[in-house]
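Undergrad: Dumping the structure here so I can ask a few things about it.
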Amino acid sequence: MFLQQLFNGLTTGSAYALIALGYTMIYGILGLINFAQGEIYMCGAFVAVLLLATGKVNFFIAFAAGMGAAALLGLILERVAFRPLRGAHPLVPLISAIGASIFLQSLALLVFGPSDRPFPIQFTFSTVTLGGVAISTLQGAIFAAALGLMALLVLFVRFTRYGKAIVACALDRDTARLMGINVDRMVALTFIIGSALSGAAGIMMAIYYNATYPRMGLLPGLKAFSAAILGGVGNIPGAILGGLVLGVAESLGAAYIASGYKDAVAFVILILVLLLRPQGILKGRGH
Amino acid sequence: MEAYILHLSIMAGIYIILTVSLNLIIGYAGQVSLGHAAFFGLGAYVSALTSLNWGLPFPAALVLAMLFAGACGLGLGLPTLRLKEDYLAIVTLGFGVIVDLIMVNLTITGGPDGLVGIPAPVIFGLSFRPPVRYLALVLLTVGFTLLVVHRLVHSYHGRALRAIRDHEVTAQVMGVNTPAYKVMIFTLAAALAGAAGSLYAHYITFINPESFGLHTSILVLSMVILGGMGSLAGSVVGAMTLAVLPELLRRAQAYQDLIYGALLIVLLIWRPQGLLGGGKLSLKFLRKKE
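Residue numbers (this note's numbering), protein chains in the order written: chain V, 32 to 318; chain H, 10 to 299.
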């Protein structure tokens with residue numbers, strides 16, 4: 032029972048971690064919360080599901096297209112809702128992102144309707160018994176794919192020129208500009224990467240829960256933000272750790288405390304973290 | 010038709026209280042609350058439960074609703090207001106989710122079905138069941154709220170708040186106790202939202218968690234932005250506009266949230282000061298009206 036819940040938690044936690052990475056990277060570079068991150072997650076899932084529903088597209092192409100669409104949406108959001116407001120009171124871009132989130136959610140509601148869509152492909156996944164616990168290979172595949180994406184991101188940030196340029200912008204935007212880094216382009220790149228990861232998370236959860244719907248991004252988006260704070264906002268390993276810890280805490284909380292309050296766990300943790308250790312588990316850069 | 014206009018006016022009055030209180034947080038203290046509907050809901054439930062279960066008279070229920078919502082605001086504000094404004098936004102959003110889950114899961118709150126048969130207020134033997142009298146009660150509360158908030162923001166404390174909004178570090182250097190001010194204003198705003206909730210519950214007479222969700226928080230936020238952050242008269246106009254507009258555009262109901270979302274972005278880019286512009290213009294407007 033305990034191990035079972037642990038694995039369930041790690042599966043949803045890996046999705047939280049992927050979204051939290053987007054929050055943390057954008058927060059690191061702009062000092063802003065992209066409130067519409069959950070809608071980007073939803074957009075990735077919808078594009079993949081709609082492409083697969085045509086029956087003509089390979090799963091991996093649909094997955095990549097979903098991530099691409101999410102990245103494109105992130106880029107558009109940066110241009111429309113963030114860039115014109117850079118330099119304003121921090122409240123202003125925050126509210127415009129909330130506006131974008133509401134807009135995208137209701138647009139999806141109008142276009143796709145309120146009902147759940149099942150995932151078009153049926154995967155035949157077996158269950159593996161590991162130490163007396165049944166784990167579906169689906170959970171394993173999601174967890175592995177998420178870890179793979181995270182590893183790619185960490186390698187990108189550590190070892191490539193663009194990755195290092197993003198870190199430089201996050202550390203000090205003005206100095207980075209003086210060093211010849213095109214800051215605007217790096218901000219756009221951050222939005223692209225963060226959004227693509229959220230899109231991937233959306234597709235994974237669309238498979239896991241077998242449901243895609245306009246409001247699917249709302250709670251995961253908020254929880255992932257809590258995860259980013261839990262790990263230390265602006266800190267990439269922190270976001271991964273925070274996402275996984277949050278997923279597990281939620282799953283255990285639902286199993287052992289009260290299942291009706293499952294969605295509250297993340298926010299109770301958020302408030303406790305802010306009260307006891309506002310810099311997060313791994314110290315964040317933001318404060 | 011007359012009954013319908015009365016209904017709209019009462020709802021607009023309740024929204025004005027909500028909008029003015031949220032504007033205190035956004036426009037004067039420079040913070041964002043996305044869980045304002047939760048305080049509204051807490052006020053409504055406390056007021057309804059105390060009158061249904063304990064038979065408390067309306068004024069006592071109203072005061073209890075304000076105290077309870079204010080206490081929750083204090084509890085939420087203390088840990089979060091020391092931090093940057095973004096945290097408050099997400100914590101209040103999360104608080105909204107928690108409150109919603111509590112309302113849905115508890116038996117005392119009637120679960121998803123909510124509470125029914127909330128009595129109309131009776132003050133000194135005078136029943137406020139007729140909508141005309143209820144409107145008078147709401148307008149009285151609106152007037153009182155506006156008076157208190159107007160006096161507050163034009164006092165020493167109001168200047169301290171604006172200093173915090175414009176530059177927190179400078180305000181701190183000048184000796185303003187910034188966390189204390191932020192917590193105070195957040196508590197006051199929560200209490201006012203609680204009062205609005207109480208008025209709503211005793212008017213509608215049945216409440217369920219649906220009325221106090223994120224949708225309502227966003228609606229009130231839109232009202233604040235439309236009217237103009239930091240403008241009291243703007244809040245009144247913003248609340249009245251968005252309370253009445255959906256009724257006029259019944260056919261476009263499906264597009265309501267779409268319009269609010271786009272409205273927030275468009276206003277912030279092209280007219281961040283809102284409909285009535287900055288503080289000065291709106292004050293002249295208010296004086297002319299008075």
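Ideal placement from N, C-alpha and C gives every residue a C-beta, glycine not left out.
1) Of all the residues that make up the stretch 120-142 of chain V, which are near chain H by a beta-carbon distance shorter than 9 Å?
2) Is V:A139 closer than 8 Å to V:F77 when the C-beta atoms are compared?
3) Name the residues in the stretch 183-214 of chain H whose C-beta lies less than 9 Å from a C-beta of chain V; which are they?
4) Judging by CA-CA distance, which residue of H:T154, H:L170, H:H166, H:P68 is the nearest neighbour of H:L201?
5) Which value, in whole angstroms, describes the spacing of the CA atoms of V:H318 and V:Q35?
6) Quick one: residues in its chain with C-beta nearer than 7 Å to the C-beta of H:Q282, no 5 flanking neighbours on either side, listed in chain order?
7) For V:G274, count the other beta carbons within 10 Å of its own beta carbon; 16 or more makes it buried, fewer makes it exposed. Which is it?
8) For V:P268, decide whether its Cβ has a neighbour in chain H, counting only Cβ atoms nearer than 8 Å.
9) Anything in the stretch 248-278 of chain H with a Cβ closer than 9 Å to a Cβ of chain V? List those residues in chain order, please.
10) Under the assumption that V:L17 contacts V:I197 (Cβ atoms under 8 Å), give the Cβ distance between them as a whole number of angstroms.
11) Give the straight-line distance between the Cα atoms of H:A252 and H:T196, rounded to the nearest whole angstrom.
12) Does the separation of the CB atoms of V:V188 and V:I92 fall below 8 Å?
13) Quick one: Cα of H:G247 to Cα of H:L228, how far?
14) Taking contact to mean 3 or more Cβ pairs, one atom from each stretch, closer than 8 Å, check whether the stretch 34-51 of chain V and the stretch 249-261 of chain V are in contact.
15) Give, in chain order, every residue of the stretch 251-264 of chain V whose Cβ lies closer than 8 Å to some Cβ of chain H.
16) According to the Cβ coordinates, are V:L178 and V:F154 closer than 8 Å?
17) Give the list of continuous alpha helix (DSSP H) stretches no shorter than 4 residues that lie fully inside the stretch 266-307 of chain V.
18) Quick check: the Cα distance between H:H45 and H:L272, rounded to an integer number of angstroms?
19) Using only the alpha-carbon positions, how far apart do V:C200 and V:V214 sit?
20) Do V:A270 and V:M98 come within 8 Å of each other at the CB atom, strictly closer than that value?
21) Which residues in chain V have a C-beta closer than 9 Å to the C-beta of H:I99? List them in chain order.
22) With a threshold of 7 Å on Cβ separation, who are the neighbours of H:L295 within its own chain once the five nearest residues in sequence on each side are excluded?
23) Under three-state DSSP, which class holds V:T85?
24) In whole angstroms, what separates the C-alpha of V:V70 from that of H:I278?
25) Tell me which same chain residues have a C-beta within less than 6 Å of the C-beta of V:L52, skipping the five on either side of it?
26) Can you give me the C-alpha to C-alpha distance between H:S56 and H:F137, rounded to a whole angstrom?
TA: Quick answer:
1) Residues of the stretch 120-142 of chain V with a Cβ closer than 9 Å to any Cβ of chain H, in chain order: H120, P121, L122, V123, P124, L125, I126, S127, A128, I129, G130, A131, S132, I133, F134, L135, Q136, S137, L138, L140, L141.
2) Their beta carbons are under 8 Å apart, which means V:F77 touches V:A139 by this criterion.
3) Answer in chain order: no residues at all.
4) Distances from the alpha-carbon of H:L201 to those of H:T154, H:L170, H:H166, H:P68 put H:T154 closest.
5) Confidence at V:H318 is low in this model, with a pLDDT of 37, below 50, so its placement is unreliable and the value that follows should be read with caution. Distance between V:H318 and V:Q35, taken at the CA atoms: about 37 Å.
6) Same-chain partners within the cutoff: G237.
7) Buried, because 16 or more other Cβ atoms sit within 10 Å of the Cβ of V:G274.
8) So, not an interface residue.
9) Those would be A263, Y264, Q265, D266, L267, I268, Y269, G270, A271, L272, L273, I274, V275, L276, L277, I278, in chain order.
10) The structure shown does not extend to residue 17 of chain V, since chain V is modelled only from 32 through 318, so no value can be given for it.
11) Per the coordinates, the alpha-carbon of H:A252 lies some 25 Å from the alpha-carbon of H:T196.
12) No.
13) Going by the C-alpha atoms only, they are around 10 Å apart.
14) When Cβ pairs closer than 8 Å are counted between the two stretches, the stretch 34-51 of chain V is seen to touch the stretch 249-261 of chain V, the count reaching three or more.
15) Of all residues in the stretch 251-264 of chain V, L253, F256, S257, I260 have a Cβ within less than 8 Å of some Cβ in chain H.
16) No, they are not a contact pair.
17) Those alpha helix (DSSP H) runs which fall completely within the stretch 266-307 of chain V and span 4+ residues are 267-287, 293-307.
18) Their backbone Cα atoms lie some 19 Å apart in a straight line.
19) The straight-line gap from Cα to Cα measures roughly 7 Å.
20) No, they are not a contact pair.
21) Among the residues of chain V, those whose CB is under 9 Å from the CB of H:I99 are I64, F66, L253, F256, S257, I260, F298, L301, following chain order.
22) Below a pLDDT of 50, predicted positions are generally treated as unreliable, and H:L295, at 39, falls in that range; no measurement from the model is reported.
23) In this structure, V:T85 counts as coil in the three-state DSSP scheme.
24) Correcting the residue identity first, residue 70 of chain V is Glu in this sequence and not Val. So the alpha carbons of these two residues sit roughly 21 Å apart.
25) The residues are L228, A270.
26) Approximately 16 Å between the Cα atoms of the pair.
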